[in-house]
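Scroll down for the structure; my scribbles are underneath it.
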Amino acid sequence: MLCQGAKFSKGAIACAATIWGLAACASTPVSNEKIAVAKAAVQRAEESGAPEFAPVQMAAAREKLTRAQKAAADREGRAATELAEQADVDAQLAEATAQQQRSHKAAVEFDASMEALRSESTRSSQPTQ
Numbered sequence: 532m533l534c535q536g537a538k539f540s541k542g543a544i545a546c547a548a549t550i551w552g553l554a555a556c557a558s559t560p561v562s563n564e565k566i567a568v569a570k571a572a573v574q575r576a577e578e579s580g581a582p583e584f585a586p587v588q589m590a591a592a593r594e595k596l597t598r599a600q601k602a603a604a605d606r607e608g609r610a611a612t613e614l615a616e617q618a619d620v621d622a623q624l625a626e627a628t629a630q631q632q633r634s635h636k637a638a639v640e641f642d643a644s645m646e647a648l649r650s651e652s653t654r655s656s657q658p659t660q
């Protein structure tokens with residue numbers, strides 16, 4: 532016995548067990564909140580075109596979200612929280628990458644349109660012989 536001679540009342544043991552149990556469960560609401568935030572971030576990224584423009588980041592976000600949900604179900608609050616936070620960051624990166632790719636595509640299309648207009652304008656302004 533580790534603490535020979537130490538005497539604990541049943542009430543003290545029950546109180547300590549209750550406090551320990553509450554501390555263990557306290558992380559569950561935090562991880563559930565983080566998972567909800569990560570789910571929302573993944574959904575926003577999906578709606579922004581991330582599966583097309585940032586498939587690697589999107590896959591990482593989904594995979595970490597799934598692992599966070601499993602960890603929460605297994606009552607591994609710390610792991611669930613960390614994975615949910617990572618999934619949130621990956622989803623935000625996927626969304627930002629998708630936005631950047633869409634902006635780049637729009638700029639390229641705009642430049643091509645401007646070049647076509649310039650070309651047409653040049654042809655129209657040249658005198659016919």
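With the first letter of the sequence shown counted as 1, position 78 gets the number 609 in the numbering used here; the numbers rise by one all the way through. Ideal Cβ placement from N, Cα and C applies to all residues, glycine included. Since the structure is predicted, the reported quantities are computational estimates derived from the model, not experimental observations.
| task | Assign GLN657 to one of three DSSP states: helix, strand, or coil. | result | coil
| said: Could you compute how far the alpha carbon of SER652 sits from the alpha carbon of ARG593? | reply: 49 angstroms
| field | Reference ASP511, options THR559, VAL561 and LYS570, closest by Cα | value | The structure shown does not extend to residue 511, since the chain spans only 532 to 660, so no value can be given for it.
| CB-CB under 6 angstroms to THR559, same chain, minus the five flanking residues each way: which ones, in chain order? | GLY608
| Applying the criterion that 16 or more other CB atoms from any shown protein chain within 10 Å of the CB defines a buried residue, is GLN485 buried or exposed? | Beyond the ends of the chain as shown, which are 532 and 660, falls residue 485; an answer cannot be given.
| query | Which class does ARG606 belong to by DSSP, given the choice of helix, strand or coil? | reply | coil
| query | Can the beta-carbon of ALA591 be found less than 9 angstroms from the beta-carbon of ALA615? | reply | no
| request: Taking ALA498 and ALA611 to be in contact with their CB atoms under 8 angstroms, please state how far apart those CB atoms are, rounded to whole angstroms. | output: In the structure displayed, the chain extends from 532 to 660; residue 498 sits before or after that span and is not available.
| query | At which residues does the alpha helix (DSSP H) containing ALA581 begin and terminate? | reply | 581-584
| message | Given a cut-off of 9 angstroms on the beta-carbon distance, is the pair GLU626 and ALA567 in contact? | response | no
| query | Exposed or buried, what is LEU533 when buried is set at 16 or more other beta-carbons lying within 10 Å of its beta-carbon? | reply | The predicted position of LEU533 is uncertain, since its pLDDT is 45 and thus under 50; a value taken from the coordinates is nonetheless stated next. That one is exposed.
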